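Visitor:
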Amino acid sequence: MINVHMDISVVVPLFNEEESLPELTSWIDRVMAKHQFSYEIILIDDGSKDKSWAVIEDLKKDNNNISAIKFRRNYGKSAALNVGFAAAQGDVVITMDADLQDSPDEIPELYDRIMNKGADLVSGWKQKRYDPLTKTLPTKLFNAVTRGMSGIDNLHDFNCGLKAYRKDVVKNIEVYGEMHRYIPVIAKWAGFTNIQEQVVQHYPRKYGTTKFGAGRFVKGFLDLLSIFFVGKFAKRPMHFFGVMGVVSFLLGLVITLYLICHKLMSIASGTPFRDITDQPLFFLSLTAIIIGTQLFLTGFLAELVSRNSTDRNNYQIEKVI
Ligand code: UDP
Ligand code: MG
8 MINVHMDISV VVPLFNEEES LPELTSWIDR VMAKHQFSYE IILIDDGSKD
58 KSWAVIEDLK KDNNNISAIK FRRNYGKSAA LNVGFAAAQG DVVITMDADL
108 QDSPDEIPEL YDRIMNKGAD LVSGWKQKRY DPLTKTLPTK LFNAVTRGMS
158 GIDNLHDFNC GLKAYRKDVV KNIEVYGEMH RYIPVIAKWA GFTNIQEQVV
208 QHYPRKYGTT KFGAGRFVKG FLDLLSIFFV GKFAKRPMHF FGVMGVVSFL
258 LGLVITLYLI CHKLMSIASG TPFRDITDQP LFFLSLTAII IGTQLFLTGF
308 LAELVSRNST DRNNYQIEKV I
């Protein structure tokens, strides 16, 4: 294979976006031509049930810059990004949603930050957002929590679909589960610390509806907790044991604290008291602490084991064009 240098790879995960694709690809083409970038557009069809794949095949006929990967079924945005990252050849890799909410006009500035301003990753900030309040409010909270936990305090909008990466970054990170929401965090942990933000245009969704329901925040938050506990994302069902352990441990701790306070107050007030070790509650709290610790350790072991599980990226690719 001849190794031809390429400036930019645009990676687009998509699920049922048949209407947007012609406009999106021609818009990207226009921007690239204007700035004379060499580029590829990698479309990842994440198991669409509409005519997205037929549209892609059609677009590809007249456009050599397009390549596409079709999943056998819907595996989620993270899986789609992950295969896009593996396929990308450009010096700079841009990710972008397919629904025309992100603007390809941002690409030149994103590229410039990576190539000339030292950024490893540039994350878009949809400062003026065209989404309903039910979506923007939880997102604000999500971003504040992620900022606090990750220490990346210069980002306002972790989950913006429009991002740019130095090629090294995408070749050294792995995204799965709900991890697409935390890519800057994963990149930071992998040692890519120059993370910048760029205010980007955001448009209302032109066709179709959002592909993410309300459950996304809960799932995403559990994934975040798990990476902070274990350092890496693991299988979600495994968290059950650890969570039960923590609950039991905390319960034991609360009862113990209560008993200690009770005892201290009895001493202070001079009223007679029974030794706390006599109380049935004391044994309950001790049991809860011991069981809690054991369960937590079991959960922890499960996490460690599942880190190497083959389950992580078991998506199946049906076609590549
Ligand atoms: N998407 C995907 N797989 C999914 C869900 C979404 O590839 O399972 C794509 C979707 O087609 C779009 C991008 O991810 O290109 C962002 O999705 P969406 O616009 O629905 O999210 P929102 O903008 O509402 O956060
Ligand atoms: Mg969208």
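For the sequence shown, my numbering gives the first residue as 8, with consecutive numbering after it. For each residue, glycine too, the CB sits at the ideal point set by N, CA and C. Small disclaimer: the values here were computed from a predicted structure and weren't measured.
According to the neighbour-count rule (16 or more other Cβ atoms, all chains shown, within 10 Å of its Cβ), is Phe-290 buried or exposed?
Guide: Per the 10 Å Cβ criterion, exposed.
Visitor: Could you check whether the Cβ of Phe-22 sits closer than 8 Å to any Cβ belonging to chain D?
Guide: Absent here is chain D; the protein component of the structure consists of one chain.
Visitor: Just to confirm, does Leu-21 get its C-beta within under 7 Å of one of the non-hydrogen atoms of the ligand UDP?
Guide: True, at least one ligand heavy atom lies under 7 Å from that Cβ.
Visitor: Here's a check: name, in chain order, each residue in its chain whose Cβ is nearer than 6 Å to the Cβ of Asp-104, leaving out the five neighbours to either side.
Guide: Same-chain partners within the cutoff: Gly-168.
Visitor: Going by CA-CA distance only, name the one from Lys-41, Ile-297, Leu-21 and Gly-259 that's closest to Lys-84.
Guide: Nearest C-alpha to Lys-84: Leu-21.
Visitor: Look at Ile-202 and Leu-128 and say whether their C-beta atoms are less than 8 Å apart.
Guide: Yes. Within cutoff.
Visitor: Whole angstroms are fine: how far does the CA of Leu-260 sit from the CA of Ile-180?
Guide: Answer to the nearest angstrom: the Cα atoms are 38 Å apart.
Visitor: Thinking C-alpha only, which one of Tyr-189, Val-182 and Asn-89 is nearest Gly-155?
Guide: It is Tyr-189 whose Cα lies nearest to the Cα of Gly-155.
Visitor: DSSP state of Phe-92, grouped into three classes?
Guide: Helix, per DSSP.
Visitor: Mapping DSSP to helix, strand and coil, what is Phe-149?
Guide: Of the three classes helix, strand and coil, the one that applies to Phe-149 here is helix, per DSSP.
Visitor: Less than 8 Å separating the beta-carbons of Val-18 and Ala-95?
Guide: In this structure, Ala-95 lies closer than 8 Å to Val-18 by Cβ.
Visitor: Tell me whether Gly-184 sits in a helix, a strand or coil according to DSSP, three-state version.
Guide: Note: Gly-184 maps to coil in three-state DSSP.
Visitor: Could you give the residue range of the beta strand (DSSP E) that holds Leu-21?
Guide: Note, Leu-21: beta strand (DSSP E), 15–21.
Visitor: Under a Cβ-count criterion, where at least 16 other Cβ atoms within 10 Å of its own Cβ denotes burial, should Asn-71 be classed as buried or exposed?
Guide: Answer is exposed; the Cβ neighbour count stays below 16.
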